[in-house]
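Participant: So that you can map any letter, position 275 of the sequence shown is 275 in UniProt numbering, and since no number is skipped, the others follow by simple counting.
Using N, Cα and C, we set each Cβ at its ideal position, and we do this for glycine too.
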Amino acid sequence: MIGCGAILVSLAGLLMTLPHFISEPYRYDSTSPGGISLTIKDPRWVGAWWLGFLIAAGTVALAAIPYFFFPKEMPKEKHELQFRRKVLAVTDSPARKGKDSPTEQRPGESTKKQDGPVQIAPNLTVIQFIKVFPKVLLQNLRHPTFLLVVLSQVCLSSMAAGMATFLPKFLERQFFITASYANLLIGCLSFPSIIMGIVVGGVLVKRLHLGPVGCSVLCLLGMLLCLFFSLPLFFIGCPSHQIAGITHQPGAQPGLELFPGCMEACSCQSDGFNPVCDPSARVEYITPCHAGCSSRVVQDALDKSQVFYTNCSCVAGDNSVLAGSCDSTCSHLVVPFLLLVSLGSALACLTHTPSFLLILRGVKKEDKTLAVGIQFMFLRILAWMPSPVIHGSAIDTTCVHWALSCGHRAVCRYYNNDLLRNRFIGLQFFYKIGSMICFALVLAVLRQQTKEARTKESRSIPGLEQQLLVSEPGKKSEDSRV
Numbered sequence: 001m002i003g004c005g006a007i008l009v010s011l012a013g014l015l016m017t018l019p020h021f022i023s024e025p026y027r028y029d030s031t032s033p034g035g036i037s038l039t040i041k042d043p044r045w046v047g048a049w050w051l052g053f054l055i056a057a058g059t060v061a062l063a064a065i066p067y068f069f070f071p072k073e074m075p076k077e078k079h080e081l082q083f084r085r086k087v088l089a090v091t092d093s094p095a096r097k098g099k100d101s102p103t104e105q106r107p108g109e110s111t112k113k114q115d116g117p118v119q120i121a122p123n124l125t126v127i128q129f130i131k132v133f134p135k136v137l138l139q140n141l142r143h144p145t146f147l148l149v150v151l152s153q154v155c156l157s158s159m160a161a162g163m164a165t166f167l168p169k170f171l172e173r174q175f176f177i178t179a180s181y182a183n184l185l186i187g188c189l190s191f192p193s194i195i196m197g198i199v200v201g202g203v204l205v206k207r208l209h210l211g212p213v214g215c216s217v218l219c220l221l222g223m224l225l226c227l228f229f230s231l232p233l234f235f236i237g238c239p240s241h242q243i244a245g246i247t248h249q250p251g252a253q254p255g256l257e258l259f260p261g262c263m264e265a266c267s268c269q270s271d272g273f274n275p276v277c278d279p280s281a282r283v284e285y286i287t288p289c290h291a292g293c294s295s296r297v298v299q300d301a302l303d304k305s306q307v308f309y310t311n312c313s314c315v316a317g318d319n320s321v322l323a324g325s326c327d328s329t330c331s332h333l334v335v336p337f338l339l340l341v342s343l344g345s346a347l348a349c350l351t352h353t354p355s356f357l358l359i360l361r362g363v364k365k366e367d368k369t370l371a372v373g374i375q376f377m378f379l380r381i382l383a384w385m386p387s388p389v390i391h392g393s394a395i396d397t398t399c400v401h402w403a404l405s406c407g408h409r410a411v412c413r414y415y416n417n418d419l420l421r422n423r424f425i426g427l428q429f430f431y432k433i434g435s436m437i438c439f440a441l442v443l444a445v446l447r448q449q450t451k452e453a454r455t456k457e458s459r460s461i462p463g464l465e466q467q468l469l470v471s472e473p474g475k476k477s478e479d480s481r482v
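1) Could you check the C-alpha separation between D396 and Q428 for me, to the nearest Å?
2) For the beta strand (DSSP E) containing F308, list its first residue and its last residue.
3) Along the beta strand (DSSP E) that carries D396, what are the first and last residues, could you check?
4) Classify H290 as helix, strand or coil using the three-state DSSP reduction.
5) Counting Cβ pairs, one atom from each stretch, are 3 or more of them under 8 Å apart for the region 188–207 and the region 409–425?
6) Going by DSSP, what residues sit across from R296 in a beta bridge?
7) Give every residue of the same chain whose Cβ lies closer than 6 Å to the Cβ of residue 519, excluding the five residues on either side of it in the sequence, and list them in chain order.
8) Residues in the same chain with beta-carbon distance under 8 Å from D418, minus the five sequence neighbours each way, listed in chain order, please.
9) What are the boundary residues of the alpha helix (DSSP H) that includes H352?
10) Suppose the cutoff is 7 Å on Cβ atoms and the five residues either side in sequence are ignored; what does the same chain contact list for P279 look like?
11) Do L208 and V442 have their C-beta atoms within less than 8 Å of each other?
12) When you compare each of K206, D300, P212 and G197 to T450 by their alpha carbons, which one comes out closest?
13) Do V363 and H143 count as a contact pair if the criterion is CB distance below 8 Å?
14) With a CB to CB cut of under 6 Å and the five nearest residues on each side skipped, what residues in its chain are close to N183?
15) Taking Y181 as the reference, give the member of C155, H332 and T310 with the closest Cα.
16) Quick one: what's A403 bridged to in DSSP?
17) Could you give the distance in angstroms between the alpha-carbon of F53 and the alpha-carbon of L350?
18) Here's the rule I'm using: 16 or more other beta-carbon atoms within 10 Å means buried, otherwise exposed. How should V298 be labelled?
19) Assuming P354 and L218 are in contact, meaning their beta carbons sit under 8 Å apart, how far apart are those beta carbons, in whole angstroms?
20) For R409, is the classification buried or exposed, using 16 other Cβ atoms within 10 angstroms of its Cβ as the cut-off for buried?
21) Could you work out which residue in R413, H391 and S387 is closest to C399 when comparing CA atoms only?
22) Leaving out five residues on either side along the sequence, give the residues of the same chain with a beta carbon under 7 Å from the beta carbon of L225.
23) From the DSSP output, in three-state form, read off V200 for me.
24) If you reduce the DSSP assignment to three classes, tell me which class L210 lands in.
25) According to DSSP, simplified to helix, strand and coil, what is residue 483?
26) In three-state DSSP terms, what is I243?
27) Give me the Cα-Cα distance between R459 and Q448, rounded to the nearest whole angstrom.
28) Excluding the 5 residues preceding and the 5 following L360 in the sequence, name in chain order all residues of the same chain whose CB lies nearer than 7 Å to its CB.
29) What three-state label does DSSP hand D278 in the structure shown?
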């Protein structure tokens with residue numbers, strides 16, 4: 001089954017690359033003078049996005065081959081199953097049942113044990129399982145520890161889904177770096193830290209022999225440290241570029257027109273996008289037309305060619321602009337930003353193993369399988385499905401200039417970087433606070449249950465001593481004479 005599932009995953013990866021081969025999304029005017037002069041820093045650059053899916057699909061397909069050579073049943077599991085059957089046969093023997101007095105068993109107790117929905121779950125049909133599933137679901141949801149741990153994992157999964165979907169785009173827009181460099185940094189820093197956090201969490205649970213209360217304390221401590229290291233992220237970022245006609249100069253009065261009047265005679269298209277930069281004033285224009293440029297010059301170099309637009313009526317000085325977006329002076333901040341993100345991810349992943357153990361130890365033995373299934377069902381429905389939509393909607397609210405296609409919004413060209421950073425990091429911070437609150441409630445519930453158990457145990461000890469004195473009166477008299 002694992003091999004067949006891996007093959008299906010690889011086929012899904014191949015299907016993701018299919019649009020690249022059956023369509024022609026990239027068409028350029030090869031007859032234009034100077035040819036194509038796009039670079040990886042150009043916002044219009046489209047790389048080989050399909051190549052990653054193709055390599056991943058091939059890797060998964062190769063990894064699935066050894067699974068087809070495994071036996072249908074492992075020898076160790078087969079011997080364990082036979083041993084369990086022998087133990088059940090001994091415990092259910094008539095001699096064993098005769099030792100238990102019939103008065104100690106409640107009427108209908110054996111029938112309930114044999115006919116319980118969980119005990120006969122392996123022999124249920126699909127329709128019978130559907131009928132039994134709501135009872136098991138409600139039974140697990142009534143357990144406070146299980147419910148709170150699942151809710152905390154929903155918050156963490158929502159944070160992870162938002163990061164996995166939009167972190168490369170956030171880094172690209174916030175620090176004005178290329179998409180390839182952003183993904184390279186994430187692969188080199190974030191994913192190893194996540195793996196390290198999961199491994200360290202498991203090692204701490206094993207070395208310290210943590211029980212349910214200790215696991216909840218470890219989860220709460222990890223989230224507190226994660227929140228602490230997430231606070232500086234609100235203040236690490238780059239300001240937005242000065243875009244002519246979109247962002248106004250400080251202290252300038254906003255005009256009635258969107259773009260300056262120096263380009264009115266050019267009749268520029270409203271949906272065009274070919275950014276150019278004025279290096280001296282660090283002002284960016286949407287197209288050379290919006291800068292009032294009338295000529296184009298290509299300067300060939302050893303490794304690449306640079307395109308300049310000259311005779312620009314909206315540009316002061318030498319009246320020339322450089323093709324492409326303006327470079328940022330704070331792009332170097334992306335490394336400390338991503339280091340803090342990776343550290344926070346590692347601390348959040350400390351909770352992975354202890355929270356999973358809280359679920360396994362908090363439910364009944366016969367309900368563990370269904371409890372894990374219910375857990376992942378809630379993670380898919382409440383986290384991985386809505387979280388990318390929520391993050392995408394929050395990011396769209398920070399857009400200051402939309403590209404239009406057939407009169408409708410198509411893609412955002414420019415964002416307000418301060419709003420983008422505050423809302424994206426703020427949404428991550430919100431999910432982290434929710435997870436921390438859930439773990440704090442788990443700790444409170446477990447401590448209350450431990451306190452009640454100790455109180456009940458202390459009350460039962462005098463009664464046990466009284467039973468021992470009544471059952472052994474001769475021994476008591478001998479002890480008193482001695």
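Facilitator: On the basis of the coordinates in this document:
1) For the purposes of this step, residue 396 is taken as the residue at position 396 of the sequence shown. For the purposes of this step, residue 428 is taken as the residue at position 428 of the sequence shown. Roughly 16 Å between the two C-alpha positions.
2) As a working mapping, residue 308 is identified with position 308 in the sequence shown. From DSSP, the beta strand (DSSP E) with F308 extends over S305 to T310.
3) Here residue 396 is taken as the residue at index 396 of the sequence shown, counted from 1. No beta strand (DSSP E) contains D396, which is instead part of the alpha helix (DSSP H) from P386 to D396.
4) Within the sequence shown, numbered from 1, the residue matching residue 290 stands at position 290. Residue state, collapsed to three classes: coil.
5) no
6) Within the sequence shown, numbered from 1, the residue matching residue 296 stands at position 296. Per DSSP, Y309.
7) Only positions 1 to 482 of the chain appear in the structure, and residue 519 is not among them; the question remains open.
8) Residue 418 sits at position 418 when you count from the first residue of the sequence shown. Same-chain partners within the cutoff: G237, P239 and S240.
9) Walking along the sequence shown from the start, residue 352 turns up at place 352. Run containing H352: H352 to G362, per the alpha helix (DSSP H) assignment.
10) Here residue 279 is taken as the residue at index 279 of the sequence shown, counted from 1. Closer than 7 Å at the Cβ level, and outside the excluded window around P279, lie L322.
11) Position 208 of the sequence shown, counted from the first residue, corresponds to residue 208. Position 442 of the sequence shown, counted from the first residue, corresponds to residue 442. No, they are not a contact pair.
12) Here residue 450 is taken as the residue at index 450 of the sequence shown, counted from 1. With distances taken between Cα atoms, T450 lies closest to P212.
13) For the purposes of this step, residue 143 is taken as residue 143 along the sequence shown, with counting starting at 1. For the purposes of this step, residue 363 is taken as residue 363 along the sequence shown, with counting starting at 1. In this structure, V363 lies closer than 8 Å to H143 by Cβ.
14) Here the question's residue 183 lines up with position 183 in the sequence shown. P168.
15) Position 181 of the sequence shown, counted from the first residue, corresponds to residue 181. For Y181, the nearest C-alpha among the options comes from H332.
16) Taking the sequence shown and counting its residues from 1, one reaches residue 403 at position 403. The partner list for A403 (beta bridge, DSSP) reads V411.
17) Counting from 1 along the sequence shown, the entry for residue 53 is found at position 53. Counting from 1 along the sequence shown, the entry for residue 350 is found at position 350. Each residue's Cα considered, the two are about 30 Å apart.
18) If you number the sequence shown from 1, residue 298 lands on position 298. With fewer than 16 other Cβ atoms within 10 Å, it is exposed.
19) Indexing the sequence shown from 1 puts residue 354 at position 354. Indexing the sequence shown from 1 puts residue 218 at position 218. Indeed they touch by this definition, with Cβ atoms about 5 Å apart.
20) Your numbering for residue 409 matches position 409 in the sequence shown. Exposed.
21) Along the sequence shown, read from residue 1 onward, the residue named residue 399 stands at position 399. Nearest of R413, H391 and S387 to C399, Cα basis: R413.
22) Residue numbering aside, residue 225 sits at position 225 when the sequence shown is read from its first letter. Only L347 meet the Cβ criterion.
23) Working through the sequence shown from its first residue, we reach residue 200 at position 200. V200 falls in the helix class under three-state DSSP.
24) Counting from one through the sequence shown, the residue named residue 210 turns up at place 210. Correct three-state label for L210: coil.
25) The chain is shown only over 1 to 482; residue 483 falls outside these bounds and no answer can be derived.
26) Along the sequence shown, one-based indexing puts residue 243 at 243. Strand at I243.
27) For this step, residue 459 is matched to residue 459 along the sequence shown. For this step, residue 448 is matched to residue 448 along the sequence shown. Going by the C-alpha atoms only, they are around 17 Å apart.
28) Translated into positions along the sequence shown, residue 360 becomes position 360. Within the same chain, L360 has close Cβ partners K368.
29) Taking the sequence shown and counting its residues from 1, the one referred to as residue 278 is at position 278. If DSSP states are grouped into helix, strand and coil, D278 belongs with the strands.
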